[in-house]
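Numbering (our numbering), first residue to last: 2 to 164.
Glycine residues also receive a C-beta, built at the ideal position from the N, C-alpha and C atoms.
If you're wondering where the values come from, they're calculated on a predicted model, not measured in any experiment.
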Amino acid sequence: MNRATLAFIVFMVAAVAVLGFTADHWHSQYTRTEKARKEAVALADTRQQTIDDMTQRQRQNAALDAKYTQELADAKAESEKLRADLASGRRRLQLHAVCMPAAARDTTATGATDAATARLTPDAERNYQRLRTESRAVTAQVNGLQQYINEQCTERKADHGKN
2 MNRATLAFIV FMVAAVAVLG FTADHWHSQY TRTEKARKEA VALADTRQQT IDDMTQRQRQ
62 NAALDAKYTQ ELADAKAESE KLRADLASGR RRLQLHAVCM PAAARDTTAT GATDAATARL
122 TPDAERNYQR LRTESRAVTA QVNGLQQYIN EQCTERKADH GKN
């Protein structure tokens with residue numbers, strides 16, 4: 002074998018080795034890039050699912066809010082209509098009341114009733130007190146729920162945003 006052939010063989014072996022290392026490098030680079038792309042796609046899909054879920058929940062919350070806001074507005078309108086009807090005389094308020102006998106008086110005018118001011122009946126008084134108590138309980142519950150939302154839900158949302 003002459004030197005030229007030997008040099009050619011050495012050159013070809015070196016060229017094949019260089020091409021092999023280059024191909025391996027590009028294959029490794031491709032593999033890393035493909036892995037990073039798949040991870041990015043998975044992360045994007047996860048984030049999109051989260052966004053879709055949040056959007057759906059916001060729509061549900063908006064629908065619930067609209068429903069309860071409308072119910073509250075309807076109840077308020079009905080209450081105002083009743084108040085206006087009572088004020089105008091279109092409706093009357095009937096209370097179950099009793100007149101308690103006045104203490105014995107020495108001077109009673111002829112034809113005057115022997116009664117003191119009217120009072121609610123015991124049942125009506127109990128109902129009134131029950132309504133006041135329940136109203137206070139509902140107010141306390143609403144305040145508690147508002148505090149829970151402000152302290153827990155808002156904090157969790159803020160904490161979730163930091164992650």
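Any 3 or more C-beta pairs closer than 8 Å across the segment 123-133 and the segment 143-156: In short, these stretches do not touch, since the Cβ pair count stays below three.
Distance between T51 and R60 (C-alpha atoms, nearest Å): In the sequence shown, residue 60 corresponds to position 59, counting from 1. In the sequence shown, residue 51 corresponds to position 50, counting from 1. Counting only the Cα atoms, T51 lies some 14 Å from R60.
Can you give me the start and stop residues for the alpha helix (DSSP H) that D131 sits inside? On the sequence shown, residue 131 is found 130 positions in, with the first residue counted as 1. A small correction: the amino acid at residue 131 is Arg; Asp does not occupy that position in the sequence shown. Element bounds for R131: P123 to Y149.
Suppose contacts are defined by Cβ-Cβ distances below 7 Å. Is A98 in contact with L121 by that definition? Working through the sequence shown from its first residue, we reach residue 98 at position 97. Working through the sequence shown from its first residue, we reach residue 121 at position 120. Their beta carbons are under 7 Å apart, which means A98 touches L121 by this criterion.
So what does A98 bridge to, in DSSP terms? Here residue 98 refers to the residue found at position 97 of the sequence shown. Looking at the DSSP assignment, A98 forms a beta bridge with L121.
Assuming C100 contacts A119 (C-beta within less than 8 Å), just tell me the rounded distance between them. Position 99 of the sequence shown holds residue 100. Position 118 of the sequence shown holds residue 119. Confirmed, about 5 Å.
Would you grab the beta carbon distance between L96 and A125 for me? Rounded to a whole angstrom, and I think it's under 8 Å. Position 95 of the sequence shown holds residue 96. Position 124 of the sequence shown holds residue 125. Right, their Cβ atoms sit about 6 Å apart.
First and last residue of the uninterrupted alpha helix (DSSP H) at R58: Numbered from its first residue, the sequence shown carries residue 58 at position 57. From DSSP, the alpha helix (DSSP H) with R58 extends over R4 to S89.
Cα separation between Q49 and E40? Here residue 49 refers to the residue found at position 48 of the sequence shown. Here residue 40 refers to the residue found at position 39 of the sequence shown. Their backbone Cα atoms lie some 14 Å apart in a straight line.
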